[in-house]
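Protein chains in written order, with my numbering: chain A, 10 to 333; chain B, 10 to 333; chain C, 10 to 333; chain D, 10 to 333.
Structure (structure tokens):
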């Protein structure tokens, strides 16, 4: 059976189409091209689509922004605003919606610190509602935020912390920010995925084994994910393809080897590489050298998108104004 | 009615004795003098003692170490070891005890960051027990650790986060580390209070309104507190006393003013100063300039004490070995 | 001789006028009132002015913004823009000016971390000029930035580090950001002083004994300072005044004591308090509890002002756009 | 001409021996095997050795500690003590030696933060010598420490900052701590190289283009380096070798392709991979997922080694005592 491991719905779809030359059944796709942003809205409609994609039924919006690697300020603002629009369309919140923002990941490892950085920068208001005993406000919505850390730091599963806090604070909506692994270095820090299915077992870097979704937490969970690493096996895999292709063209050699590799499915090849790689390079991450700058930029973009989409009094033109 | 506001049981007792020239009823006191450490074990026995002291029934152990302001390594180790001993006596843990260490306070404000710093440095093991599906171990006990942050950062009451996590992870014991306010600058970073009554409303700096005690959390709560600030009104109060005293001696003046002040109870005088001070200096903290160095030293001392007292395989002579 | 110790020229002037009921000789003062900002431009013209003020000859611009304690976003932007205007007027830079921004203070002590925080947030460009071997650019000026730390962390005098770096990198201009001590809690986080005289011995909190000025560094030095602490003696002094005043009004007592205090000059009274306070409370700082939030806001405001004033391609309307 | 790019002398030697099956001329090698530590002391004697090795004339001591990936406390102490011994032998310091410790690298990128972390943890004393106007002391040596940051943060070349500071503070010795790139994931966080040749152009990750050596700085420079990353091309290279080897054994295919690859020198193959990889994956780093924990452990080990070797009053048995 065809099963793909990637955090990004758009990559699952690509892989399926590569293999089968068909659109994934049970999946609806809508595309929008802007100057700097390509938006793909993938809707997994049913169990068949879910199985083929290896992902839960629901919406997956992907914003691809290749220039985000070296963004200028105009582009950062454009992406923030587009992110805010997509979020508003997806979550249908209003001024009474109580949101808990969860920053997943390890704040001590730069490429995994995206979620905690967003939590630091986003506008938090729930304590004002408590202090003034108000249920709603014309300009601000009720927002709380938490970075639960990772098991290596706390000894506690992330999901346990979040579920415990959700049961005590009863938010209407959870938005979880996470650093993802991509199959493709091109996507690192240039692709934003928003989904209304939460975060589900098996995906991503790290030991996030318990799903963070409505089923477990009892509240709708929006996941915002950005690839910040590729895993080592993926990188080796892609590079080998590139090298063999370039060798084939130039020297007409390696065909035998390459034919054998081609006979393998993508997944079998990946598994082979993973198997060879694992013993001497377990749990390796591959990330750009300037990852600190990238995480910094991305945390501003996401915090902007959240501030604008959640609070009735913050407008598209307020981009950057409420960043901490 | 006589009510004193201070985080330290030893200060409550001093204030009571100052006023009444008597030992507090319903309170048992035991003292031990060492070269560098004076240990006072205050046991509040009943409701009367609790009322007089303004504190819950239970044990309050105070270690006073005046030289801890400029500690050498010998002293730091001596204090770590003594702290470990006191903790072992108080908590009666064994190798099956599951402990959750809670680092209270705001990691962004140096004098309030003691708890989070201890959490960073202490040995966390619960995830190994989960990974290996073990219930106990000969050398390590099951320890998890969490810094819940403060309301200004999360919008969530500290107590809600802790209670949520406790309900999911079911520890047998909570140890909460907190930066305290003292009435006396002398005590800042030189006094350690350990108590088995948890942390109760009204005490300390910060918005920790919900008590963190067995009643609320359903599990015994040990509180380790160290004064890292004095509040401004306290400082003004003490300084005025000093100045007026020195003036009285030297110049025989100010007697009228001083007599009036003396006619006030300590609490009335404090309230007067607080009232005058508050409008133009609300929520002010007073702390030593080298507070970063002090917090650093104290976090090592406490993490050492915790490591030694909690884990059966870590011994008094292992001081400093397991510090991160 | 009349000598006042304060970091703020505006406070020196107030103290002089309080005592003498006259304007300070050798000093020119210009005021501008806006809705939220009061600007006082003090020019010390000659040696007499310098001596009376206890400050070097030069310009001292003070922006007082009482509402900056609880700023909304409009106010923060207004202050950033005004700061940029004042800087542009003062420094007369153009697109070829090479600026070194120096963030003074200890990044581990929250109220002293203002300078390092600004350095983190400001736009740094010098390495691009080096990489592309350009001398100038239409949109960006050549800006480098450094946080030298404090002696307790490095063992090195701040001035030595800066002078060493200046001699190697040859900037045309230094802008030093520093957290100041004020005599008045009201000013903490609400007053910004810009001066073209650098930072001179004796002023401020901390061991910055070597002056950071053109004489020592060979390059003009702009100092941007914001009070983030008051010293303990100041606070006691001010509170005692308030209390005695309120007592005088209400109870007609304390007059004798007060008369004696009144007979002392401000400086004598301060010295007396300092003397009493010092032995049991050396090197104490007094700061608002929410100092993390204040430092965060102020670092954004100053970094904005610097970005706008230094780079030809960044405009007043670009406020917040280039903040990291 | 045979030129190898690696930070580690031991790897240069291996590569040379692989290719030529000979010991490198102009190089003296001494080995010592302990239970957990293998020590290789490589001495490059002359220009020929330097050319063959691609490294400066001088001493390169490598400690290989495979178990350091998951160290227990005993091992950490053993390594600290061995490091201290090697340092003492190499630097011949005494109680009058003034040392400047330089922590190279970007504190915002976890695998590059080793140097700055060591600077945070090491004992700094120079300011006490200044304060007490002493030249020497029986127990403590004069030590200062600095983390100059990286060009992306400051806009200034690291070498310029260090040289500037050296000229102002006149140390007798510089010890520079740096995170290295290895050709081999096995070495990451398990190999420590100490050398008395400083840090020389071309080596390592990052833009450290100016050599930090006695020639430039005018003072002997000891470099302590630990691989914390491998570069992506290296990883692909090694993995391809592994895969092709395993395929050859199992399936007797790929021989044609492999023969072609074998015909290339190691360096040509590496260059080919680098060329293919670079366009779509520039400046990538590969690092273990638990790099935060590794850097933390390593910073303690190195700071321990420095404390023990530099200060006459700190002994081998004082390991861990002076760690901050």
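Every residue, glycine too, gets a C-beta built ideally from N, C-alpha and C.
None of the values given here were measured: they were computed from a predicted structure.
Worksheet item: Could you check where the alpha helix (DSSP H) with residue 85 (chain B) kicks off and where it finishes?
Response: Translated into the one-based positions of the second chain, residue 85 (chain B) becomes position 76. Residues 82–100.
Worksheet item: Do three or more CB pairs link the stretch 137–151 of chain B to the stretch 216–233 of chain B at distances below 8 Å?
Response: No, they do not touch.
Discussion item. With a threshold of 8 Å between beta-carbons, can residue 222 (chain D) be considered close to chain A, or not?
Written reply: By 1-based counting over the fourth chain, the position of residue 222 (chain D) is 213. Answer no: the Cβ-Cβ gap between residue 222 (chain D) and chain A never drops below 8 Å.
Discussion item. Along the chain, where does the beta strand (DSSP E) containing residue 220 (chain D) start, and where does it finish?
Written reply: Within the fourth chain, residue 220 (chain D) is the residue found at index 211, counting from 1. Counting along the chain, residue 220 (chain D) falls outside any beta strand (DSSP E), and DSSP gives it neither H nor E.
Item to complete: Please determine if the stretch 317–326 of chain C and the stretch 148–163 of chain C are in contact, where contact requires at least 3 C-beta pairs separated by less than 8 Å.
Response: Short answer: they touch.
Discussion item. On the criterion of 16 or more Cβ atoms from any shown chain inside 10 Å, does residue 8 (chain C) qualify as buried, or is it exposed?
Written reply: The question about residue 8 (chain C) has no answer, for chain C in this structure spans 10 to 333.
Discussion item. Quick check: what's the CA-CA separation for residue 24 (chain C) versus residue 17 (chain C)?
Written reply: Sequence index remark: in the third chain, residue 24 (chain C) carries index 15 (1-based). Sequence index remark: in the third chain, residue 17 (chain C) carries index 8 (1-based). When only Cα atoms are considered, residue 24 (chain C) and residue 17 (chain C) end up about 11 Å apart.
Discussion item. Can you pull the chain C neighbours of residue 82 (chain A), defined as C-beta to C-beta under 8 Å?
Written reply: Working through the first chain from its first residue, we reach residue 82 (chain A) at position 73. What residue 82 (chain A) touches in chain C: 327, 330, 331.
Discussion item. For chain D, check one thing: does any of its Cβ atoms lie closer than 8 Å to the Cβ of residue 316 (chain B)?
Written reply: Working through the second chain from its first residue, we reach residue 316 (chain B) at position 307. No - not a single Cβ of chain D is within 8 Å of the one on residue 316 (chain B).
Practice prompt. Grab the span of the alpha helix (DSSP H) containing residue 236 (chain A) for me, first residue to last.
Written response: Position 227 of the first chain, counted from the first residue, corresponds to residue 236 (chain A). Looking at the DSSP string, residue 236 (chain A) is not in any alpha helix (DSSP H); the run it does join, the beta strand (DSSP E), is 230–240.
Practice prompt. Look at the alpha carbon of residue 72 (chain B) and the alpha carbon of residue 51 (chain B), and state the distance between them as a whole number of angstroms.
Written response: As a working note, residue 72 (chain B) is residue 63 in the second chain. As a working note, residue 51 (chain B) is residue 42 in the second chain. Between residue 72 (chain B) and residue 51 (chain B), the C-alpha separation is close to 11 Å.
Worksheet item: Taking 7 Å as the line, does the beta carbon of residue 140 (chain A) fall inside it for any heavy atom of the ligand FMN?
Response: As far as ligands go, the structure on display features none, and thus does not contain the ligand FMN.
Discussion item. Can you tell me which residues form a DSSP beta bridge with residue 31 (chain A)?
Written reply: Reading the first chain from its first residue, position 22 is the one you call residue 31 (chain A). None, per the DSSP bridge assignment.
Practice prompt. Name the two residues that bound the continuous beta strand (DSSP E) containing residue 155 (chain C).
Written response: Within the third chain, numbered from 1, the residue matching residue 155 (chain C) stands at position 146. Run containing residue 155 (chain C): 151–155, per the beta strand (DSSP E) assignment.
Fill in: Nearest-angstrom beta carbon gap, residue 36 (chain D) and residue 22 (chain D) [assumed within contact, 8 Å]
Within the fourth chain, numbered from 1, the residue matching residue 22 (chain D) stands at position 13. Within the fourth chain, numbered from 1, the residue matching residue 36 (chain D) stands at position 27. In this structure residue 22 (chain D) is in contact with residue 36 (chain D), their Cβ atoms being roughly 7 Å apart against a cut-off of 8 Å.
Fill in: 6 Å CB neighbourhood of residue 85 (chain C) in its chain, flanking five on each side removed
Residue mapping note: residue 85 (chain C) aligns to position 76 of the third chain, counting from 1. These residues qualify, in order along the chain: 310.
Worksheet item: Considering only residues of the same chain and omitting the five flanking positions on each side of residue 66 (chain C), which have a CB-CB separation below 8 Å?
Response: As a position in the third chain, residue 66 (chain C) is number 57, starting the count at 1. For residue 66 (chain C), same chain residues with a beta-carbon under 8 Å away, outside a window of 5 residues either side, are 53, 54, 55, 56, 58, 59, 206 in chain order.
Discussion item. On the criterion of 16 or more Cβ atoms from any shown chain inside 10 Å, does residue 121 (chain A) qualify as buried, or is it exposed?
Written reply: For the purposes of this step, residue 121 (chain A) is taken as residue 112 along the first chain, with counting starting at 1. Residue 121 (chain A) counts as buried, since no fewer than 16 other beta carbons sit within 10 angstroms of its beta carbon.
Item to complete: Note down, in chain order, each residue of its chain lying with its Cβ closer than 8 Å to the Cβ of residue 214 (chain C), except the 5 sequence neighbours on either side.
Response: Your numbering for residue 214 (chain C) matches position 205 in the third chain. Residue placement at residue 214 (chain C) is flagged as unreliable, the pLDDT there being 43, under the threshold of 50; a coordinate-derived value is accordingly withheld.
Practice prompt. Report, in whole angstroms, the separation of the C-beta atoms of residue 298 (chain A) and residue 180 (chain A), which I expect to be a contact under 8 Å.
Written response: Stepping through the first chain from its first residue, residue 298 (chain A) is reached at position 289. Stepping through the first chain from its first residue, residue 180 (chain A) is reached at position 171. 38 Å between Cβ atoms; not a contact.
Item to complete: Could you tell me whether the Cβ atoms of residue 282 (chain B) and residue 312 (chain B) are closer together than 8 Å?
Response: On the second chain, position 273 is the one that residue 282 (chain B) refers to. On the second chain, position 303 is the one that residue 312 (chain B) refers to. Not closer than 8 Å, so no.
Worksheet item: Where does residue 316 (chain B) land, buried or exposed, given buried means 16+ other C-beta within 10 angstroms?
Response: Here the question's residue 316 (chain B) lines up with position 307 in the second chain. It is buried - the Cβ of residue 316 (chain B) has at least 16 other Cβ atoms within 10 Å.
Discussion item. Less than 8 Å between the C-beta atoms of residue 156 (chain D) and residue 68 (chain D), yes or no?
Written reply: The residue given as residue 156 (chain D) occupies position 147 in the fourth chain. The residue given as residue 68 (chain D) occupies position 59 in the fourth chain. No, Cβ-Cβ distance for residue 156 (chain D) and residue 68 (chain D) is not below 8 Å.
Worksheet entry | Cβ of residue 185 (chain B) within 8 Å of any chain A Cβ | Within the second chain, residue 185 (chain B) is the residue found at index 176, counting from 1. No, no contact with chain A.
Item to complete: Run down chain A in chain order and give the residues with a C-beta less than 7 Å from the C-beta of residue 160 (chain B).
Response: As a first step, residue 160 (chain B) is located in the second chain; it is residue number 151 there, counting from the start. Residues of chain A passing the Cβ test: 136.
Fill in: residue 198 (chain D), DSSP secondary structure in three states
The sequence position of residue 198 (chain D) within the fourth chain is 189, counting from 1. In the structure shown, residue 198 (chain D) sits in coil (DSSP, three-state: anything other than H, G, I, E or B).
Worksheet item: Using the beta-carbon of each residue, which ones in chain C are nearer than 7 Å to residue 301 (chain B)?
Response: Here residue 301 (chain B) is taken as the residue at index 292 of the second chain, counted from 1. Result: 115, 117, 118.
Worksheet entry | Proximity to residue 285 (chain D) [Cα-Cα], best of A:292, A:285, A:302, A:248 | Numbered from 1 along the fourth chain, position 276 holds the residue referred to as residue 285 (chain D). Nearest to residue 285 (chain D) by alpha-carbon distance, out of A:292, A:285, A:302, A:248, is A:248.
Fill in: Below-8 Å beta-carbon distance, residue 242 (chain A) vs any chain B residue
Within the first chain, the letter at position 233 stands for residue 242 (chain A). So, not an interface residue.
Discussion item. Give me, in chain order, the residues of the same chain whose beta-carbon lies closer than 7 Å to that of residue 325 (chain D); leave out the 5 immediate sequence neighbours on both sides.
Written reply: As a position in the fourth chain, residue 325 (chain D) is number 316, starting the count at 1. Annotation for residue 325 (chain D): 90, 93, 317 place their beta carbon closer than 7 Å to its own, counting only its chain and skipping 5 residues before and after.
Item to complete: Taking only beta-carbon positions, decide if residue 336 (chain D) is within less than 8 Å of chain B.
Response: Residue 336 (chain D) lies beyond the residue range present for chain D, which begins at 10 and ends at 333; the question has no answer from this structure.
Practice prompt. Note down the Cα distance separating residue 32 (chain C) from residue 135 (chain C), rounded to an integer number of angstroms.
Written response: Mapped onto the third chain, residue 32 (chain C) falls at position 23. Mapped onto the third chain, residue 135 (chain C) falls at position 126. Spanning the two alpha carbons is a distance of roughly 44 Å.
Worksheet entry | Length of the line joining the Cα atoms of residue 130 (chain A) and residue 112 (chain A) | Taking the first chain and counting its residues from 1, the one referred to as residue 130 (chain A) is at position 121. Taking the first chain and counting its residues from 1, the one referred to as residue 112 (chain A) is at position 103. For residue 130 (chain A) and residue 112 (chain A), the distance between alpha carbons rounds to 11 Å.
Item to complete: Sort A:39, A:42, A:40, A:80 by Cα distance to residue 198 (chain A) and report the nearest one.
Response: The residue labelled residue 198 (chain A) in the question sits at position 189 within the first chain. Residue 198 (chain A) has its Cα closest to that of A:80, out of A:39, A:42, A:40, A:80.
Worksheet item: Which word fits residue 105 (chain C), buried or exposed, when buried means at least 16 other C-beta atoms lie within 10 angstroms of its C-beta?
Response: As a first step, residue 105 (chain C) is located in the third chain; it is residue number 96 there, counting from the start. Around the beta carbon of residue 105 (chain C), fewer than 16 other beta carbons sit within 10 angstroms, so the residue counts as exposed.
Practice prompt. Provide the residue(s) that pair with residue 112 (chain B) in DSSP beta bridges, ordered along the chain.
Written response: Taking the second chain and counting its residues from 1, the one referred to as residue 112 (chain B) is at position 103. Residue 112 (chain B) is bridged to B:186.
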